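The listed protein sequences correspond, in order, to chains A and B.
The first sequence begins at 672 in this note's numbering and counts up one residue at a time.
The second sequence begins at 672 in this note's numbering and counts up one residue at a time.
Glycine included, C-beta positions come from ideal geometry on N, C-alpha and C.
Here the structure is a predicted model, which is why all the values come from computation and not from measurement.
Protein chains: 2
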Amino acid sequence: MLSDMAEPGSDQQFDSVFSRPQRRRRTQPALTRERIVAATIALLDREGAPGLTMRKVAAELGVHATSLYWYVERREDLVDLAVDGILAEAAEVLPGPDTPWDTAVKVTARRFYAALTAHTWAAEFAGSRPLIGPNAIALSRRIIGAIEQAGGEEEAQAIAIRALSNQILGAATSAVAVRVMRTGSSDRHDEVVASAVSASDALAVENAYFDQVLDLVVEGIEARRGR
Amino acid sequence: MLSDMAEPGSDQQFDSVFSRPQRRRRTQPALTRERIVAATIALLDREGAPGLTMRKVAAELGVHATSLYWYVERREDLVDLAVDGILAEAAEVLPGPDTPWDTAVKVTARRFYAALTAHTWAAEFAGSRPLIGPNAIALSRRIIGAIEQAGGEEEAQAIAIRALSNQILGAATSAVAVRVMRTGSSDRHDEVVASAVSASDALAVENAYFDQVLDLVVEGIEARRGR
DNA sequence: ACCTGAACACCGTTCAAGT
DNA sequence: ACCTGAACACCGTTCAAGT
Chain A
672 MLSDMAEPGS DQQFDSVFSR PQRRRRTQPA LTRERIVAAT IALLDREGAP
722 GLTMRKVAAE LGVHATSLYW YVERREDLVD LAVDGILAEA AEVLPGPDTP
772 WDTAVKVTAR RFYAALTAHT WAAEFAGSRP LIGPNAIALS RRIIGAIEQA
822 GGEEEAQAIA IRALSNQILG AATSAVAVRV MRTGSSDRHD EVVASAVSAS
872 DALAVENAYF DQVLDLVVEG IEARRGR
Chain B
672 MLSDMAEPGS DQQFDSVFSR PQRRRRTQPA LTRERIVAAT IALLDREGAP
722 GLTMRKVAAE LGVHATSLYW YVERREDLVD LAVDGILAEA AEVLPGPDTP
772 WDTAVKVTAR RFYAALTAHT WAAEFAGSRP LIGPNAIALS RRIIGAIEQA
822 GGEEEAQAIA IRALSNQILG AATSAVAVRV MRTGSSDRHD EVVASAVSAS
872 DALAVENAYF DQVLDLVVEG IEARRGR
C-alpha cells in the first residue's frame, strides 16, 4: 500500500474523489464539500458503517439526498473523504527531518494506527478501499522517507515499507473487527455499560500490543540491515 | 416394467396406497446450506462483493429470496460462510507436527494469504468481519501451535502471533484493494484484457513480496528469541 | 419442515425542472 | 450554479399462508 503510493505520479493512477477536479462556486452555496464530509463523519460516528446512506447525510444537512451529487459523484466518495478526514489530525504534525529513522517510523505508524482505530468505521472501510487520500499519502510518505533515510538496498526498503504498511492496516482492521463484534453482540444495557468500561482497558491493551508488534517489525528491519 | 410402476409419477389408474402420496414425505429439501454457500461463492466470483444480494443468490438456485432465511439468519451469514468456504482447501492439509516451527509458520501463512487473495472479495470482507469460521480457526491454530513449539515467553509468543496475523490480513487486504481499484477503473475492452495479462504478473510480484515480508517478520521473531 | 408471495421500509442514482 | 422532486430499479427482512 505504502509503496504503491510512493511512486511519483501514482496519485493519479486511480480514479477517485481525490483526483477528480472539484467544481467551482460563484455565490455562497448552502452546501460545501467540507460540510458534507463533516456531516458524514458525524453520522458514521453515531451509527457506524452500515448507517451511512446518502439520504441520512442529506437529512443531517437539511437538504435532499440528490443535492449531494453536485459535490460528489457517488456514495463511495463520501467514504473516501470521511476516512481521509479523520487522518487529517495525524497527518498535520509529523516527525521532523532530524528525527532518527526508527523513531520517525514508530511515531508515524502509531499515529496512523491510532487514527484508524479511533473511529471504528475507518479501518473497516480502509480494508475495502485503498488509502489514497492526501492525508494517508502524507503519513505514508513520512514512513517511506524514514526508510529511505535508513539506507540499504532498494529491494530491502520496499519490503520494509510493505511490512510496516501491512502491520498498520492489519492491526487496525482486526482490532476494529473484534470491537465491532463485541459491542454488536450485546443488547442489554448492563452489558453495554460493562463492555464500555472494559473497552477502555481493551483499548490500552490493543495499543500496547501494537507498539510491541511494531518494535518487532522494526527490529526485523534492523536485523536485515546489519547483515 | 416393475420399476415403472414403482415410480410415483408413472401411469396409475387406481387409487391405492401406492398411488397416494406418502404422508411423511422423506423427500430431501430443495435447498441445503452447502448449495446456498456454493451459489454465493459463484455469484461473488462473478459479480464481486457489491453484487451479493439475497435475491440474486436465490435466483441462482431457482428459489425465492425469502426461502434462504430458513437456512441462514441474515445476509452477513452468507458472507461469513462464503469466506470460510474458500479457506477450506487451505485448511485441509496443514504442515505435520514434525515440521520445524518456522517453516510451519511460513507455509501456513502463505496458504492463508493465497486463499484470501484468490477471490478478490474474500479479503475485502475479512476486513469488516472477524475470521471466526472453522477453517480460519484451523489455519490460525496451526500458526499458534508453531509459535508455541518455538518456545519463549508467553508475552513474546502473543506478539509474534499478532505480528503474523496482521501481516496476513494487511497484505491480503491491500493487495486486493489495489487490484479492485485497477480493474474497476477501466471499462474499455482492450484495457480489461491488458490489465488481465499484467494482472498475472502483478500476482507473481504480490506473492513474492508477501514471502519476503513474511521472512522479515519471522526473522524479527527469531532475533528476539536469541536475546 | 420447508417454501411461497405479498408487503414494508428502505436504498443509490438519474434527470428534468425550478431558482 | 445550485437545489428540488419525482421516478426508477433496486435492496434486506417480516410474516402469514400454503404444502
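Asked	Found
CA nearest to the CA of Phe760 (chain A), picked from A:Val750, A:Tyr784 and A:Thr774	Looking at the sequence shown, residue 760 (chain A) is not Phe but Glu. Comparing Cα positions, the closest option is A:Tyr784.
As assigned by DSSP and simplified to three states, the class of Ser690 (chain A)	coil
9 Å Cβ cut-off: residues of chain B touching Tyr784 (chain A)	Here the premise fails: no neighbours, minimum Cβ distance about 10 Å.
Beta-carbon neighbours of Tyr880 (chain A), restricted to chain B and to distances below 8 Å	Ala829, Ile830 and Arg833
Arg833 (chain B) vs Ala848 (chain A) beta-carbon contact at 8 Å	no
Gly823 (chain B) CB to nearest heavy atom of the ligand FAD below 7 Å	In terms of ligand content, the structure shown is empty, and the ligand FAD therefore cannot be addressed.
Below-8 Å beta-carbon distance, Leu887 (chain B) vs any chain A residue	yes
Residues near Trp772 (chain B) in its chain [Cβ-Cβ closer than 6 Å; skip 5 each side]	Ala817, Gln820 and Ala821
Pair within 8 Å by beta-carbon distance, Glu731 (chain A) and Ala762 (chain A)	no
Contact set between the stretch 791-812 of chain A and chain B, restricted to residues whose Cβ is under 7 Å from the partner	Glu795, Gly798, Ser799, Arg800 and Pro801
Interface flag, Gln820 (chain A) vs chain B, CB-CB below 8 Å	no
Contact set between Arg895 (chain A) and chain B, taken where Cβ atoms lie within less than 7 Å	Leu887 and Glu890
Nearest candidate by alpha-carbon position, reference Phe796 (chain B), set B:Leu810, B:Pro768, B:Arg745 and B:Thr844	B:Thr844
Whole alpha helix (DSSP H) elements within the stretch 777-852 of chain B, 4-residue minimum	791-799 and 805-821
Buried or exposed (CB count within 10 angstroms, at least 16 for buried), Val764 (chain B)	exposed
Close-in-space but distant-in-sequence residues of the same chain around Leu714 (chain A) (CB under 7 Å, 5 per side omitted)	Gly722, Leu723, Lys727, Val728 and Glu731
Helix, strand or coil at Gly733 (chain A) according to DSSP, with G and I counted as helix	coil
Distance, Met725 (chain A) Cα to Arg746 (chain A) Cα	7 Å
Residue environment, Ser811 (chain A), which counts as buried when at least 16 other CB atoms sit within 10 Å	buried
Of the residues A:Val889, A:Gln838, A:Trp792 and A:His735, the one placed nearest Arg850 (chain A), counting alpha carbons only	A:Trp792
C-beta contact flag for Asp755 (chain A) and Pro805 (chain A) at 8 Å	yes
8 Å Cβ cutoff met for Asp769 (chain A) and Ser687 (chain A)	no
Cutoff 7 Å; reference Val708 (chain A); Cβ partners in own chain excluding five residues on either side	Leu752, Ala753 and Gly756
Residues of the stretch 833-847 of chain A with Cβ closer than 8 Å to any Cβ of chain B, in chain order	Arg833, Ala834, Ser836, Asn837, Gln838, Ile839, Leu840, Gly841, Ala842, Thr844 and Ser845
CB contact check: Gln883 (chain B) to chain A, cutoff 8 Å	yes
Within chain B, the residues that Val849 (chain A) reaches when beta carbons sit closer than 8 Å	Pro801
Reference Arg782 (chain A); option with closest CA among A:Arg706, A:Glu890, A:Phe881 and A:Glu744	A:Phe881
Unbroken alpha helix (DSSP H) run spanning Gly756 (chain B), endpoints	Arg746 to Ile757
Ala677 (chain A), buried or exposed, once every other Cβ within 10 Å from all chains shown has been counted against 16	For Ala677 (chain A), the predicted model reports a pLDDT of 42, less than 50, meaning its position is unreliable and no value from the coordinates is stated.
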